[in-house]
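Following the working numbering, the numbering of the sequence shown begins with 557 at its first residue and continues without gaps. Written out below as structure tokens is the structure these notes cover.
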Amino acid sequence: MSCNFIQNNRTIINFMLFIVNFISIALCIVVLSQMFCVKDAECDVDFSGVLGAFIGVCTTFVVGFQIWNHIYFTNKLDRLDVEKQEMSKKIDELDKARIECKYYNAYTIGRMRYQMAEGYVKKEDDQKYYWNALRALTNALWYAAEGGHDFDDTYNSLHEKIESAINYIIKDKNHLESSTNKSSLYEMVSQINDNIDKLKPYIKEHPKSYKYNKFGMVLDKWKEFTKREYSVAS
Numbered sequence: 557m558s559c560n561f562i563q564n565n566r567t568i569i570n571f572m573l574f575i576v577n578f579i580s581i582a583l584c585i586v587v588l589s590q591m592f593c594v595k596d597a598e599c600d601v602d603f604s605g606v607l608g609a610f611i612g613v614c615t616t617f618v619v620g621f622q623i624w625n626h627i628y629f630t631n632k633l634d635r636l637d638v639e640k641q642e643m644s645k646k647i648d649e650l651d652k653a654r655i656e657c658k659y660y661n662a663y664t665i666g667r668m669r670y671q672m673a674e675g676y677v678k679k680e681d682d683q684k685y686y687w688n689a690l691r692a693l694t695n696a697l698w699y700a701a702e703g704g705h706d707f708d709d710t711y712n713s714l715h716e717k718i719e720s721a722i723n724y725i726i727k728d729k730n731h732l733e734s735s736t737n738k739s740s741l742y743e744m745v746s747q748i749n750d751n752i753d754k755l756k757p758y759i760k761e762h763p764k765s766y767k768y769n770k771f772g773m774v775l776d777k778w779k780e781f782t783k784r785e786y787s788v789a790s
């Protein structure tokens, strides 16, 4: 309320300050004239008292202005704190939406690649997509762990596909090796391993960790495979 008063009456406050300055200058002129121009004249005016009263009035104005100024900036800081909290909340909501988008994108791509790997006509060449499926599905599982979706629900939907993709790749890793360059292959292995490295401690600390013991062994099997075949440390 005080803040709005100051903003709405800024012209009045400036006028009051102008009046104070004007009176101050006028009073100085009068005092100087009494000192230098009419030194011998008798004068019944107690200029010391007038000057003291004027100083008291000016002090009152200055103190009052400082109080208003303090109230104004206090209210301003309070509003900034509220805006900061609202902005932080919006950032959290956007971050959650970003993770959710990443989750659904990875989940959709992973399931699609897995279906392509299975192949409607069971062509051998289709099995190269198990690599892409494994990368996307482990991405989706990790994004669920970050809050993109319910982890248990995601696990129930994807863990069999992840295990199947790992088994197919270990059975015949040449499906992808014959259709891509070595650097791309190693990049894909690295991305899958990064997901697994992040998932394993999360699963270990999960309240339902007992439910994921077998799945953890599947992930360990993949890490041993990549260490053996691609010299990637587990």
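For each residue, glycine too, the CB sits at the ideal point set by N, CA and C.
Collapsed DSSP secondary structure at residue i in the structure displayed
| i | result |
| --- | --- |
| glycine 675 | coil |
| lysine 645 | helix |
| histidine 715 | helix |
| lysine 754 | helix |
| serine 746 | helix |
| histidine 626 | helix |
| aspartate 706 | coil |
| asparagine 769 | helix |
| lysine 632 | helix |
| aspartate 728 | coil |
| lysine 652 | helix |
| phenylalanine 781 | helix |
| serine 558 | Because the pLDDT of serine 558 is 48, which lies under 50, any placement of that residue in the model is unreliable, and the question is left without a value. |
| serine 720 | helix |
| aspartate 776 | helix |
| asparagine 695 | helix |
| lysine 760 | helix |
| serine 739 | helix |
| serine 790 | Note that serine 790 scores a pLDDT of 49, beneath 50, so its modelled location is shaky and nothing firm can be said. |
Closest Cα partner of residue i within the set the options
| i | options | result |
| --- | --- | --- |
| aspartate 648 | Gln622, Leu636, Asp634, Gly703 | Gly703 |
| proline 763 | Glu719, Ala701, Ile718 | Ala701 |
| tyrosine 766 | Ile581, Ile611, Asp708 | Asp708 |
| isoleucine 755 | Tyr628, Leu693, Leu697 | Correcting the residue identity first, residue 755 is leucine in this sequence and not isoleucine. When each option's Cα is compared against that of leucine 755, the closest is Leu697. |
| cysteine 657 | Arg667, Ile722, Gln622, His705 | His705 |
| lysine 684 | Tyr786, Tyr724, Arg667 | Tyr724 |
| asparagine 695 | Asn751, Lys717, Lys652 | Asn751 |
| isoleucine 686 | Glu639, Leu741, Gln622 | Here residue 686 turns out to be tyrosine, not isoleucine, going by the sequence shown. Among Glu639, Leu741, Gln622, the Cα nearest to that of tyrosine 686 belongs to Leu741. |
| serine 720 | Ser746, Tyr699, Ser739, Lys777 | Lys777 |
| isoleucine 611 | Ile627, Ile581, Leu633 | Ile581 |
| glutamate 780 | Lys640, Val619, Ile726 | Ile726 |
| tyrosine 786 | Asp753, Val638, Glu743 | Glu743 |
| tyrosine 699 | Met672, Tyr659, Asn688 | Tyr659 |
| aspartate 728 | Lys646, Leu636, Ala673, Ser739 | Ala673 |
Whole-number beta carbon distance between residue j and residue i, since they are thought to touch under 8 Å
| i | j | result |
| --- | --- | --- |
| isoleucine 748 | arginine 691 | 5 Å |
| leucine 693 | isoleucine 655 | Incorrect: roughly 16 Å between the Cβ atoms, too far for contact. |
Within-8 Å CB hit, residue i to chain D
| i | result |
| --- | --- |
| lysine 770 | Protein chain content of the structure displayed is limited to a single chain, and chain D is not contained in it. |
Residue i: CB within 7 Å of a non-hydrogen atom of the ligand SAM
| i | result |
| --- | --- |
| tyrosine 786 | As for the ligand SAM, it is missing from this structure, which has no ligand bound. |
**Request:** Would you check if the region 693-713 and the region 656-675 touch, i.e. whether three or more CB-CB distances between them fall below 8 Å?
**Result:** yes
**Prompt:** Do the region 741-760 and the region 769-780 meet, that is, are 3 or more Cβ pairs less than 8 Å apart?
**Reply:** In the pairwise beta carbon analysis, the region 741-760 is classified as touching the region 769-780: at least three pairs are separated by under 8 Å.
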